[in-house]
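According to this note's numbering, the sequence shown is numbered sequentially starting from -19.
This report concerns only the one structure given below.
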Amino acid sequence: MKRFIKVLLVLSGLVATSWALSIDMSEIHNQEQLLGSASNAGKTRESFMDPNGLAKGKTGPEEEKNAQFWYDLAHEEIAKRLELPQVDKRKAKNVIMFLGDGMSLSTVAAARIHKGQLKGNPGEEDSLSFEKFPYSGISRTYCSNAQVPDSACTATAYLCGVKTNIVALGITSAVNFNNCSGSEDPSNQISSIAAWAQAAGKGSGIVTTTTLTHASPSGAYAHSTNRFFEADTDIITYGEGLNDPATCTDIATQLITKNPGKNFDVMLGGGIGKFLPKTITDPFNKQGERSDGVNLLSKWQSLHPGGVLAYNRNQLLRVNASGITNLIGTFGSGVMNFHKLADAATQPTLAEMTRKAIEVVSKNDNGYFLFVEGGLIDYGNHYNVPVYALDETLELSNAVDEAIDITDPDETLIVVTSDHAHPLTIAGYPGRGTPILGLNQHDTDVNGVKYATLNYAVGLEQYLDEYGNRIDLTDKIDQPGFLAPSYIKSNIGVHAGEDVGIFATGPQSHLFSGVMQQSTIPHLMAYASCIGDGPTLCDNDN
């Protein structure tokens, strides 16, 4: 085992050169964009929202600040479903939750068409893997203090079963933004379904194409007043002088040293920089980000002497799950690269990471909970580049297919959903088979100019001439990385507040039908697998 670990560590040094050609995937959701800074309050700037943004100056109903409010509401929604004829008596030994970050229903539809058109067909008749599931429903995504959510408050909802304030993770909405003492108070912290699974003796893990400390996977283990506190350095950067890293535990440290993160059997994604001090150059030739001098990966290795680390695709695929105790894979300094732009020799696909993660957690005879995120769907939509968003959605579909192929449908509940939408539209009256990434050949604006099939409400490019009229996109729209047109000018695309889809198959999947609060989702998964403190299928055996 020690020899295998040494080989992995030596091989990791070879990765850096292969990433020289990859694009710089800068952080989409920086705090300045989402919240603004105190110094900018009341000022106007070119951004996609008011400087005070989402969290500042907003609050929700007082009763929603108590976690029990959301527990009771979830239990009511479960009870209503149990009043209907129960078509399934099976208990879910395993639960796999797939999350398409920013995967609006319009993104699903467009990806479905794109999939079909890649085969040379009209496209509309095709289906993504999870669209073939027997049950589907609708999730309401608002958070406690915002009509349109971010990926932190939504992660708290679909992983912890409680809605909270925007930008917050794993805490109730009683904690104000950037109040670290509040988020460190156990009375304000809420546990996740990953913790419930561990308490039941099950395996657990997280997989993402973003970073291991990004908002979505962090919902499985972190308690933070600010999703941007990923490393100790970030607390200084984003804390507005209100918080001290000495008394505020950053998200990466929570993952490695605290429950339930330190107990994960497998963790695969990007973001190695948050775990390494600035004095260390990572395998991708970038400096670590930590100011405290702590090497959290070394600490993880000491806590898991039978665990291994992987930094590229070859290392990951060579891991023999039966010969290790734990696995951590970090495939980039920051978020991973878009699948279409990645070096296939060095970056694993989401399907490959999913397979390896299942191999690891499946060793637990009691079953497991696994969270898998296609996180770059969101990035593609934020950049207003549909070809990336749709390709990442197809990658998620492939990962779901992989999970279906290697799990027992009588034992494994698979749930696919999204955290929030994006204002992407398929507009006009294009004919059947119209290129989903091209121009609508059957409609024009009032000036007789054809328009794109896909458009965003808010974004970077309006494609207007000096008179404010739309220009002809015939010579632009087929260019690689084409930015889709948008109506409102901004420096980045934004989220949308409409409901998102839920797709389920396996034991108790029938319960995921109808309209539900996003915060009910983990309670339904817990019901099906008989974990947690709420109502479960196993209660019927007593």
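All C-beta atoms in this analysis are idealised placements derived from N, C-alpha and C, irrespective of residue type, glycine included.
Residues that DSSP places opposite residue 114 in a beta bridge: Answer is none; residue 114 lacks a bridge partner.
Buried or exposed (CB count within 10 angstroms, at least 16 for buried), residue 518: exposed
DSSP-derived helix/strand/coil call for residue 521: helix
Three CB pairs or more closer than 8 angstroms across the segment 296 to 303 and the segment 253 to 263: Touching, no.
Per-residue DSSP class, three states only, for residue 292: coil
Three-state secondary structure assigned by DSSP to residue 204: Residue 204: strand per DSSP, three-state reduction.
What three-state label does DSSP hand residue 76 in the structure shown? strand
Taking the continuous beta strand (DSSP E) assigned at residue 481, which residues delimit it? 480 to 485
With 16 as the cutoff for other CB atoms within 10 Å, does residue 412 come out buried or exposed? Exposed, since its Cβ has fewer than 16 Cβ neighbours within 10 Å.
Host beta strand (DSSP E) of residue 456 (start-end): Counting along the chain, residue 456 falls outside any beta strand (DSSP E), and DSSP gives it neither H nor E.
I need the straight-line Cα distance from residue 164 to residue 239, nearest angstrom please. 14 angstroms
Which value, in whole angstroms, describes the spacing of the CA atoms of residue 340 and residue 370? 29 angstroms
Report buried or exposed for residue 149, applying the criterion of at least 16 other Cβ atoms within 10 angstroms of its Cβ. buried
Would you mind reading off the limits of the alpha helix (DSSP H) that contains residue 218? 212 to 218
Inter-stretch contact at 8 angstroms, needing at least 3 Cβ pairs: the segment 342 to 360 / the segment 74 to 84: yes
Simplified DSSP assignment, three categories, for residue 381: helix
Using the Cα positions of residue 182 and residue 511, report the straight-line distance between them to the nearest angstrom. 10 angstroms
On the criterion of 16 or more Cβ atoms from any shown chain inside 10 Å, does residue 499 qualify as buried, or is it exposed? buried
To which residues does DSSP link residue 185 through a beta bridge? 246, 350
Taking residue 482 and residue 107 to be in contact with their CB atoms under 8 angstroms, please state how far apart those CB atoms are, rounded to whole angstroms. Rounded, the Cβ-Cβ distance is 16 angstroms, inconsistent with contact.
Please state whether the Cβ-Cβ distance between residue 54 and residue 132 is less than 9 angstroms. No. Outside cutoff.
Within 10 angstroms of the Cβ of residue 447, are there 16 or more other Cβ atoms? Answer buried if so, exposed if not. Residue environment for residue 447: exposed (fewer than 16 other C-beta atoms within 10 angstroms of its C-beta).
With residue 360 as the anchor, note down where its alpha helix (DSSP H) starts and where it stops. 356 to 362
Can you tell me where the alpha helix (DSSP H) with residue 422 in it begins and where it stops? No alpha helix (DSSP H) holds residue 422; the beta strand (DSSP E) holding it covers 419 to 424.
Integer-rounded CB distance, given that residue 401 should sit under 8 angstroms from residue 84: 4 angstroms
Where the alpha helix (DSSP H) containing residue 258 begins and where it ends: Note, residue 258: premise wrong, no alpha helix (DSSP H); not H, not E.
For residue 41, the nearest candidate out of 145, 88, 327 (CA to CA): The shortest Cα separation from residue 41 among 145, 88, 327 belongs to 145.
Can you tell which of 441, 459, 492 has the C-alpha that lies nearest to the C-alpha of residue 471? 441
Straight-line CA distance for residue 135 to residue 410? 36 angstroms
Using 8 angstroms as the Cβ pair cut-off and three pairs as the minimum, do the segment 280 to 292 and the segment 225 to 232 touch? Taking 8 angstroms as the limit for Cβ pairs, the verdict is that the segment 225 to 232 does not touch the segment 280 to 292.
Could you check the C-alpha separation between residue 259 and residue 267 for me, to the nearest Å? 7 angstroms
So, does the segment 454 to 462 touch the segment 90 to 99, judging by three or more C-beta pairs under 8 angstroms? Counting C-beta pairs with one atom in each stretch, the segment 454 to 462 and the segment 90 to 99 have fewer than three that are closer than 8 angstroms, which means they do not touch.
How about residue 350 and residue 310: do their beta carbons lie closer than 9 angstroms? no
What residue range is occupied by the uninterrupted alpha helix (DSSP H) comprising residue 162? 160 to 164
Using only alpha-carbon positions, find the residue among 70, 245, 477, 475 that is nearest to residue 342. 245
Contact set for residue 547: own chain, Cβ-Cβ below 8 angstroms, skip 5 residues either direction: Residue 547 is absent from the model: the chain starts at -19 and stops at 522.
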